[in-house]
DNA sequence: TTTTATATTTGCAATGATTTCAGAAATGAA
DNA sequence: TTCATTTCTGAAATCATTGCAAATATAAAA
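Protein chains in written order, with this note's numbering: chain C, 1309 to 1447; chain E, 1309 to 1447.
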């Protein structure tokens, strides 16, 4: 759990004015590692904050993604979800329960890709899909 | 370029009846390595075939994906595109020109991911984004 | 070949996540 | 406080994708 004042500084450093809504949304994605959709964030915060618009959540998350503070995941092709952890890691999506799991990845994994000379890589996403250990045990 | 009769066999082997539309769509995605969207396939084939419905293109591509004959890519979060090459390879999307490029990847690249024991991996997608060599040279 | 059943295609309407937009509210500076 | 700027809001619009029911094509049976 990161302190609110620390999160505030991060927003300011990124050139983003830390409004009440923005700070709440930022705190949510940084403290919940559940890869929430915009809608999930909206449902979780609408009661905490007096009022909140779903549009604000969409706009704010897009702002964070563009600033590099949050990752946008498209591992499930039917919706977008967000990850406050911007460090390099892989994602696994269980076909059975839908859960998205973080997996550690070696820092030099791009060495496995051939012919990258001349390319400028700004972002890398490794998406794995299949059956998670919990669902496998159930069968 | 693969022969039409060969493509026909592949569909039959997958349990898919090779109708005129299906064969045309299958031939398109297997011979064009441009990662087309459903709409692009539709526009390319509507004139060749007498008539064609966009719904048919969506349904057919989904059929191919479910049968494992074609890959679904979600590297661009605003639309889905398709890849007739189902072999293991990475994809790069240029932020500048939007082009999606195939990149070779070492077959054992999953060794770079920690803690995969217990997981059953059915699909892996490595998406890279940034600036391609052609766009870099232009600047 | 004709009939019948089944599979496929079609076009339009519906869906639903996301975005746009214009006005309202909040914020910061003077 | 006043003014200017930024941010938030909610409703309406967008657009890729899907659902559905009718039309067509294909295969099997008679």
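C-beta: ideal position from N, C-alpha, C; glycine also.
- At least one beta carbon of chain C lies nearer than 9 Å to the beta carbon of residue 1441(E).
- Residue-level contact check: residue 1408(E) does not touch chain C, since none of the beta carbons of chain C fall below 9 Å from its beta carbon.
- Ranked by Cα distance from residue 1400(C), the first of 1424(E), 1346(E) and 1354(E) is 1424(E).
- Under the three-state reduction of DSSP, residue 1331(C) is assigned to helix.
- Boundaries of the alpha helix (DSSP H) around residue 1442(C): 1441-1446.
- Excluding the 5 residues flanking it on each side, residue 1380(C) has same chain C-beta neighbours closer than 7 Å at 1373, 1388 and 1390, in chain order.
- Residue 1311(C) counts as exposed, since fewer than 16 other beta carbons sit within 10 angstroms of its beta carbon.
- For the set 1447(C), 1397(C) and 1378(C), the Cα lying nearest the Cα of residue 1345(C) is the one of 1378(C).
- Within the region 1361-1418 of chain C, the complete beta strand (DSSP E) runs of at least 3 residues fall at 1379-1381, 1389-1391, 1397-1402 and 1408-1412.
- Around residue 1398(E), the beta-carbon contacts reaching into chain C at under 7 Å are 1421.
- C-alpha of residue 1426(C) to C-alpha of residue 1358(C): approximately 50 Å in a straight line.
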